[in-house]
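Numbering (our numbering), first residue to last: 1 to 704. Using N, Cα and C, we set each Cβ at its ideal position, and we do this for glycine too. Please read the structure below before turning to the comments.
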């Protein structure tokens with residue numbers, strides 16, 4: 001059997017993370033792959049960092065690996081070209097080594113990025129034509145807790161840029177089922193693109209030197225100086241647990257803490273001892289000697305301390321969060337991480353009940369072993385589907401996907417499925433709203449902002465995604481002036497028309513005309529006639545919407561294709577896990593939002609004939625006049641609220657369109673049957689299929 005070739009970005013082993021969870025995990029993963037005998041490993045390091053320690057560790061743990069140091073730039077402020085430079089370096093390396101490779105190598109090369117979100121380095125993925133690209137994802141913690149980690153605008157922008165590069169990967173490896181679900185939920189990545197490889201305890205080596213200041217009995221709290229570690233509640237719970245003890249316990253807290261935090265925690269409970277940085281052997285010794293382990297985080301990507309405590313058969317009291325229930329529902333004593341009394345009671349039970357059963361811990365250890373991690377990786381990546389079929393080019397126009405409006409959510413969740421089926425050129429509105437998702441998507445897709453100066457190719461089918469809200473005002477005006485296929489999520493366009501008027505995108509006289517026209521249409525389809533007058537095809541998400549639009553078109557004596565598309569429901573890779581607690585959106589610093597230039601918006605008075613038609617006593621004739629062009633569809637400069645001449649906009653950081661080319665996404669229909677029935681009086685027909693089915697249906701309508 002030919003050994004598979006893995007080219008690995010190993011820069012994480014040159015950073016401060018090499019002695020922490022990410023670096024230790026990465027090294028053990030490579031060691032397990034090397035020991036499998038099924039892989040040929042090439043580890044790439046950067047000349048921007050000292051590589052001596054990384055080379056030494058690799059020589060010991062991954063002796064079969066080839067190690068090369070390349071001219072990969074670090075993450076230096078002001079070096080905007082580092083990402084593209086590093087991509088070129090990787091492409092050149094892969095090209096040169098493939099030409100010089102031996103015949104025993106398989107033709108498909110797999111590239112593995114071990115730490116796409118690691119600071120100090122500037123991780124890059126090579127071009128899609130050189131290999132299949134995999135990224136190892138430890139967690140999406142900043143995305144889940146932006147109020148804690150991304151309140152500083154520079155940090156937010158940096159994280160968005162890294163997510164943009166992450167989305168260029170062909171497939172994703174995750175360290176837990178919880179992280180797999182997070183990728184599907186928050187980044188719209190379909191489960192078939194995700195391989196869950198899980199993890200295992202980090203082997204301890206060497207002799208444990210005695211640590212001073214520790215007295216028995218003690219409770220071990222392996223943690224870090226991080227808000228999500230929930231350290232203060234943990235110390236409060238320990239103080240409550242310790243209050244009635246004849247022989248007081250000591251709480252041994254690992255990791256480095258700032259002096260102010262040490263003082264704050266010791267003021268809660270004086271029997272708290274901080275070890276500072278310790279070796280793996282010293283930590284293993286503490287696990288063996290502790291009466292129990294207390295681990296109270298609000299979120300973890302895997303939770304190595306739980307696995308390490310189980311390996312030592314030390315009683316555990318830990319947070320009741322999905323990732324720990326993945327490991328076992330029987331071996332630990334769970335508590336609500338927000339309840340100090342519950343935490344203290346769980347710690348009391350852990351000490352009283354003693355070690356978990358050996359049969360149970362052995363079964364858990366067999367699953368969470370590095371050999372199993374390597375097997376899951378090799379099997380999962382070998383069987384993962386590749387999507388390399390030719391794709392048509394289309395242009396998608398819509399609102400800012402970071403907004404919390406319906407069309408924004410649809411775009412945010414469907415971008416990947418569309419991009420797998422077509423080469424999509426994105427033209428997205430900008431928004432001053434600070435409420436919603438992190439704005440990683442425009443960067444990932446190199447989206448053009450819909451404003452004066454935007455480029456919209458005339459040789460590609462156009463898809464507009466509209467929901468009738470103010471966030472779609474510019475897209476609506478463009479759809480009237482540059483007709484295409486419209487995915488209409490709401491048939492009442494009143495708010496969008498009012499916003500277009502308020503923004504000066506249409507003339508006051510045309511806005512007044514639209515107000516009167518809206519009174520002539522079918523209830524629930526206000527202001528849809530102008531779209532029907534110019535569009536040849538409209539896609540809706542319910543049979544009720546379709547019937548209303550056809551009724552308006554019939555009054556206009558206008559033939560328009562109106563189809564119902566089936567929106568897919570979100571599908572988690574592991575739906576059996578307990579859902580995480582719902583977190584509200586967080587107000588984040590607003591971005592500067594370029595607006596339309598008023599000089600491009602010209603007044604155009606309605607013709608006397610149009611005004612006369614509008615005043616006609618027969619409303620049906622007015623609608624038919626709109627359909628045949630006697631009434632202007634949109635009155636403004638060149639019949640469009642933005643100029644006909646467009647100037648190329650600079651692509652956003654993150655590269656060209658293939659940033660999301662083979663991912664899959666999901667769209668959740670956020671209007672319930674009851675709400676739709678109340679709004680339309682008609683039966684709401686909602687069908688749910690896979691993201692690929694949805695994308696295939698939409699693109700088929702565009703290119704037929």
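Rounded C-alpha distance that separates residue i from residue j
i: residue 322; j: residue 205; result: 31 Å
i: residue 700; j: residue 428; result: 22 Å
i: residue 142; j: residue 300; result: 12 Å
i: residue 151; j: residue 78; result: 21 Å
i: residue 347; j: residue 312; result: 17 Å
i: residue 174; j: residue 68; result: 26 Å
i: residue 661; j: residue 513; result: Confidence at residue 661 is low in this model, with a pLDDT of 24, below 50, so its placement is unreliable and no value can be given for it.
i: residue 258; j: residue 359; result: 41 Å
i: residue 589; j: residue 153; result: In this predicted model, residue 589 has a pLDDT of only 30, less than 50, meaning its place in the structure is not dependable; the value taken from the coordinates is given anyway. Roughly 7 Å separates the two Cα atoms.
i: residue 304; j: residue 251; result: 19 Å
i: residue 489; j: residue 392; result: 24 Å
i: residue 497; j: residue 546; result: 20 Å
i: residue 218; j: residue 574; result: 37 Å
i: residue 485; j: residue 32; result: 51 Å
i: residue 505; j: residue 87; result: 41 Å
i: residue 507; j: residue 459; result: 29 Å
i: residue 325; j: residue 98; result: 44 Å
i: residue 448; j: residue 309; result: 51 Å
i: residue 653; j: residue 49; result: Model confidence at residue 653 stands at a pLDDT of 28, short of 50, so the residue's coordinates are unreliable; what they give is reported in the following sentence. Rounded to the nearest angstrom, the two C-alpha atoms are 24 Å apart.
i: residue 147; j: residue 156; result: 10 Å
i: residue 92; j: residue 135; result: 20 Å
i: residue 30; j: residue 70; result: 19 Å
i: residue 518; j: residue 144; result: 42 Å
Outcome for residue i when other beta-carbon atoms lying within 10 angstroms are tallied against a minimum of 16
i: residue 242; result: buried
i: residue 229; result: buried
i: residue 234; result: buried
i: residue 341; result: exposed
i: residue 60; result: exposed
i: residue 207; result: exposed
i: residue 357; result: exposed
i: residue 399; result: buried
i: residue 559; result: exposed
i: residue 171; result: buried
i: residue 516; result: exposed
i: residue 14; result: buried
i: residue 84; result: exposed
i: residue 411; result: buried
i: residue 474; result: buried
i: residue 81; result: exposed
i: residue 492; result: buried
i: residue 246; result: exposed
Residues of its chain near residue i, where Cβ-Cβ distance is below 6 Å and the 5 sequence neighbours each way are ignored
i: residue 286; result: 220
i: residue 178; result: 322, 323
i: residue 707; result: The requested residue 707 is not part of the displayed model; the chain covers only 1 to 704.
i: residue 511; result: 501
i: residue 182; result: 140
i: residue 396; result: 424, 426, 463
i: residue 535; result: 483, 486
i: residue 339; result: none
i: residue 328; result: 364
i: residue 314; result: 287, 290, 293
Integer Cβ distance of residue i from residue j, believed to fall under 8 Å
i: residue 9; j: residue 123; result: 6 Å
i: residue 23; j: residue 75; result: Actually they are not in contact, since the Cβ atoms of residue 23 and residue 75 sit about 17 Å apart, beyond 8 Å.
i: residue 417; j: residue 695; result: 4 Å
i: residue 317; j: residue 364; result: Contact flag wrong, Cβ pair sits at about 17 Å.
Same chain, Cβ closer than 7 Å to residue i, five either side skipped, listed in chain order
i: residue 256; result: 225, 276, 277
i: residue 709; result: Residue 709 lies beyond the range of the chain shown here (1 to 704); nothing can be said about it.
i: residue 21; result: 304
i: residue 108; result: 132
i: residue 421; result: 391, 695, 696, 699
i: residue 551; result: 522
i: residue 282; result: 208, 209, 211
Sequence-distant residues of the same chain with beta carbon closer than 8 Å to residue i, five excluded per side
i: residue 199; result: 25, 175, 176, 302, 304, 307, 368, 373
i: residue 12; result: 18, 22, 23, 26, 114, 115, 118, 121
i: residue 47; result: 69, 70, 71, 72
i: residue 708; result: The displayed coordinates of the chain run from 1 to 704. Any statement about residue 708 would go beyond what the structure contains.
Within-9 Å CB hit, residue i to chain B
i: residue 95; result: Structure shown: chain B not included; a single protein chain is present.
- Task: Would you check if the stretch 463-470 and the stretch 403-410 touch, i.e. whether three or more CB-CB distances between them fall below 8 Å?
- Result: yes
- Query: Is there contact between the stretch 191-205 and the stretch 262-274, where contact requires at least three CB pairs shorter than 8 Å?
  - Reply: no
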